[in-house]
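Each protein sequence line maps, in turn, to chains A and B. Residue 272 in my numbering sits at position 150 of the first sequence; the count goes up by one each step and never skips. Residue 310 in my numbering sits at position 188 of the second sequence; the count goes up by one each step and never skips. Positions of the beta carbon are idealized from the N, C-alpha and C atoms, including for glycine. Structure record follows, encoded as structure tokens.
2 protein chains.
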Amino acid sequence: MKEKNPTREKLLDITFEEIYIHGYASTSIGSILKKASIPKGSMYHFFKSKKVLVIAMIQERLFPKMDLFFNYKKEKEQSVFSNLKDTFVSMSKHKKLIIYGCPFYRLMVELSPIDKEFDSLLMLKYNELLLGLETLFQEGIDNNEFSKSLNAKHFAEFYLSSVWGVLSLSPSLSSAKNFITHIRYILNTLESYKIS
Amino acid sequence: MKEKNPTREKLLDITFEEIYIHGYASTSIGSILKKASIPKGSMYHFFKSKKVLVIAMIQERLFPKMDLFFNYKKEKEQSVFSNLKDTFVSMSKHKKLIIYGCPFYRLMVELSPIDKEFDSLLMLKYNELLLGLETLFQEGIDNNEFSKSLNAKHFAEFYLSSVWGVLSLSPSLSSAKNFITHIRYILNTLESYKIS
DNA sequence: ATTAAAATAGACTGATTGGTCTAGTTTCTT
DNA sequence: AAGAAACTAGACCAATCAGTCTATTTTAAT
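Right, here's the structure in full:
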């Protein structure tokens with residue numbers, strides 16, 4: 123099975139990698155093209171500007187990767203709490219995630235304050251993530267795993283930003299061990315709402 | 123009392139503001155000079171490069187501002203917990219902080235992965251902040267405000283990154299109300315270690 | 001008042017940026 | 001096989017970047 127537009131696909135791959143590490147402003151089109159060994163004409167054939175390229179990268183690379191991470195498929199009868207613990211363990215094994223943080227959050231920190239288009243695109247995904255988490259926590263409340271005093275939406279917001287904050291610390295502070303240690307406190311917070 | 127080097131001081135002020143909002147890479151020297159109405163010669167008389175200018179800004183503007191925020195002066199007999207609550211209330215009144223997040227954290231997210239010099243400068247301050255917080259929590263433990271099962275250092279790390287994570291969300295998600303709501307969960311975590 | 005030093009002023013430079021343009025090549029369609 | 005469409009190739013462009021340079025003005029020292 124032959125892939126369509128291998129040039130386009132490769133461009134999106136390299137764009138993701140470069141911007142993840144260096145950020146949007148510090149990544150030049152030239153450096154992407156050089157790394158991908160793709161001439162300029164090809165890139166501008168598929169994407170009319172740097173911004174359009176990056177928006178496509180966000181939609182076709184970043185968002186799908188996030189969907190994998192935030193896919194809270196529970197085993198039958200598994201509690202929400204133990205489900206989250208599993209998620210964190212699996213996150214802690216992704217070296218790049220631990221070292222460089224969440225690519226979504228890093229883009230948001232860089233671009234949201236200065237670009238409305240990027241911001242609204244990222245906010246669409248943010249709201250989607252939030253809703254997924256909120257639903258998960260609400261499920262826990264409805265199943266008497268958590269106290270009704272837990273506000274599913276507010277806790278989801280805290281949870282997301284807190285995990286991002288921990289993940290996106292300087293690489294020189296980042297290790298799987300530190301990540302797990304910090305994340306335990308987030309779980310502690312949730313645990314205090316557990317109905318024993 | 124006449125200030126020394128008003129040109130230099132103004133440059134540092136404007137550099138802080140511009141980089142806070144736009145980030146390091148997206149802020150050009152030209153835009154700083156234009157906003158400050160200062161010619162290039164003057165800037166390069168005081169600072170030999172953009173990097174040197176920004177390092178001076180970090181040391182002479184960013185760090186002192188942070189010292190104000192993280193100055194956990196306690197009233198006599200005030201508990202650590204109530205002291206932190208006061209800090210958050212005062213933080214929630216700083217509009218720019220709420221909207222644009224912590225300038226230190228934003229610089230760290232942008233520069234730490236790609237520049238060793240900036241990273242080590244920022245890490246010096248990080249360790250200082252951390253030690254201050256650790257000491258504060260340890261004080262609470264020693265005074266029987268918190269359980270001995272609280273690890274002062276680990277909690278300080280969680281606390282810092284969590285607050286930063288909440289603060290540095292997109293401006294379109296940022297409000298003082300949201301900040302307080304999210305921060306309450308961090309305090310909840312700490313509260314669970316309280317000795318009643 | 002004279003001289004030296006500090007600061008200002010901005011034209012200029014070479015490198016790099018995002019983006020354009022045209023010519024050629026490959027692939028698809030019929 | 002022929003023609004059209006898709007894609008590749010990279011030279012080229014204007015704008016912008018950080019940084020240099022020299023000339024001039026202001027301030028400080030004696």
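Ignore the nearest five residues each way along the sequence and tell me which others in Ala-298 (chain B)'s own chain have a CB closer than 6 Å to its CB. The sequence position of residue 298 (chain B) within the second sequence is 176, counting from 1. Excluding its 5 nearest sequence neighbours in each direction, Ala-298 (chain B) has C-beta neighbours in its own chain below 6 Å: Ser-214, Ile-220, listed in chain order.
Cα-Cα separation between Leu-190 (chain A) and Ser-242 (chain A), rounded to whole angstroms: Mapped onto the first sequence, residue 190 (chain A) falls at position 68. Mapped onto the first sequence, residue 242 (chain A) falls at position 120. Using only the alpha carbons, I get a separation of about 22 Å.
Backbone CA spacing between Lys-162 (chain B) and Ser-148 (chain A) [nearest angstrom]: Reading the second sequence from its first residue, position 40 is the one you call residue 162 (chain B). Reading the first sequence from its first residue, position 26 is the one you call residue 148 (chain A). It is roughly 23 Å from the alpha-carbon of Lys-162 (chain B) to the alpha-carbon of Ser-148 (chain A).
Here's the rule I'm using: 16 or more other beta-carbon atoms within 10 Å means buried, otherwise exposed. How should His-304 (chain A) be labelled? Taking the first residue of the first sequence as position 1, residue 304 (chain A) is located at position 182. By the neighbour-count rule (16 or more Cβ atoms within 10 Å), His-304 (chain A) is buried.
Residues near Leu-184 (chain B) by beta carbon distance below 7 Å, same chain, minus five either side: For this step, residue 184 (chain B) is matched to residue 62 along the second sequence. By the criterion of a C-beta distance shorter than 7 Å, Leu-184 (chain B) is surrounded in its chain by Phe-138, Pro-225, Phe-226, once the five residues flanking it on both sides are discounted.
Does Leu-246 (chain A) get closer than 8 Å to chain B when you measure Cβ to Cβ? Translated into the one-based positions of the first sequence, residue 246 (chain A) becomes position 124. Interface with chain B (8 Å Cβ-Cβ cutoff): Leu-246 (chain A) is excluded.
For Lys-124 (chain A), which residues from the same chain have a beta carbon less than 6 Å from its beta carbon, with the 5 sequence-adjacent residues on both sides left out? Mapped onto the first sequence, residue 124 (chain A) falls at position 2. The predicted model places Lys-124 (chain A) with a pLDDT of 48, which falls under 50 and marks its position as unreliable; any figure quoted below should be read in that light. Beyond the five residues adjoining it in sequence on each side, Lys-124 (chain A) comes within less than 6 Å, by CB distance, of no other residue in the same chain.
Against chain A, with Cβ distances strictly below 8 Å, would Asn-310 (chain B) count as a contact? Against the second sequence, residue 310 (chain B) aligns to sequence position 188. It does; some Cβ of chain A falls within 8 Å.
Cβ of Ser-148 (chain B) less than 8 Å from any chain A Cβ? Within the second sequence, numbered from 1, the residue matching residue 148 (chain B) stands at position 26. Ser-148 (chain B) has a beta carbon lying within less than 8 Å of a beta carbon in chain A.
8 Å Cβ cutoff, Met-230 (chain A) in contact with chain B: Walking along the first sequence from the start, residue 230 (chain A) turns up at place 108. At least one CB of chain B lies nearer than 8 Å to the CB of Met-230 (chain A).
Interface residues of chain A facing His-216 (chain B) [CB-CB closer than 7 Å]: By one-based count along the second sequence, residue 216 (chain B) stands at place 94. Those do not exist, as His-216 (chain B) stays about 16 Å from chain A at its closest Cβ, beyond 7 Å.
Determine the DSSP secondary structure at Phe-268 (chain B), reduced to helix, strand or coil. Stepping through the second sequence from its first residue, residue 268 (chain B) is reached at position 146. Phe-268 (chain B): strand per DSSP, three-state reduction.
Taking just the CA atoms, how far does Glu-232 (chain B) sit from His-144 (chain A)? On the first sequence, position 22 is the one that residue 144 (chain A) refers to. On the second sequence, position 110 is the one that residue 232 (chain B) refers to. Per the coordinates, the alpha-carbon of His-144 (chain A) lies some 8 Å from the alpha-carbon of Glu-232 (chain B).
Chain-ordered neighbours of His-304 (chain B) on chain A, where CB pairs are closer than 7 Å: Start at 1 with the first residue of the second sequence, and residue 304 (chain B) comes out as number 182. Here the neighbours are Glu-279, Phe-280, Ser-283.
Beta carbon of Tyr-307 (chain A), beta carbon of Phe-277 (chain B): below 8 Å? Counting from 1 along the first sequence, the entry for residue 307 (chain A) is found at position 185. Counting from 1 along the second sequence, the entry for residue 277 (chain B) is found at position 155. Annotated as proximal: Tyr-307 (chain A) and Phe-277 (chain B), with beta-carbon spacing under 8 Å.
Between which residues of its own chain and Ser-290 (chain B) is the CB-CB distance below 7 Å, once the five residues before and five after are set aside? The residue given as residue 290 (chain B) occupies position 168 in the second sequence. For Ser-290 (chain B), where only same-chain residues beyond five positions count, the Cβ hits under 7 Å are Gly-223, Cys-224, Tyr-227, Arg-228.
Name, in chain order, the residues that DSSP records as bridge partners for Lys-275 (chain B). Stepping through the second sequence from its first residue, residue 275 (chain B) is reached at position 153. Lys-275 (chain B) pairs with nothing; no bridge assigned.
Which listed residue (A:Lys-316, A:Thr-129, A:Asp-208) has its alpha carbon closest to that of His-167 (chain A): In the first sequence, residue 167 (chain A) corresponds to position 45, counting from 1. Selected option, being the one with the closest Cα: A:Thr-129.
Below 7 Å on C-beta distance, what does Val-176 (chain B) contact in chain A? Residue mapping note: residue 176 (chain B) aligns to position 54 of the second sequence, counting from 1. Those do not exist, as Val-176 (chain B) stays about 14 Å from chain A at its closest Cβ, beyond 7 Å.
So if I threshold CB-CB distances at 7 Å, which residues from the segment 126 to 156 of chain B count as touching chain A? If the cut-off is 7 Å between Cβ atoms, the segment 126 to 156 of chain B has Ile-143, His-144, Gly-145, Ala-147, Ser-148 near chain A.
Quick check on Lys-324 (chain A): does DSSP put it in helix, strand or coil? Residue 324 (chain A) falls outside the range modelled here, since chain A spans only 123 to 318, and no answer is possible.
Note down, in chain order, every chain A residue with its Cβ under 8 Å from the Cβ of Pro-293 (chain B). Within the second sequence, the letter at position 171 stands for residue 293 (chain B). Within chain A, the residues near Pro-293 (chain B) are Ser-234, Pro-235, Asp-241.
Quick one: what's Lys-316 (chain A) bridged to in DSSP? Taking the first residue of the first sequence as 1, we reach residue 316 (chain A) at position 194. As computed with DSSP, Lys-316 (chain A) is found in a beta bridge with A:Phe-268.
Can you name the residues of chain B whose CB is closer than 9 Å to the CB of Val-211 (chain A)? Against the first sequence, residue 211 (chain A) aligns to sequence position 89. Here the premise fails: no neighbours, minimum Cβ distance about 18 Å.
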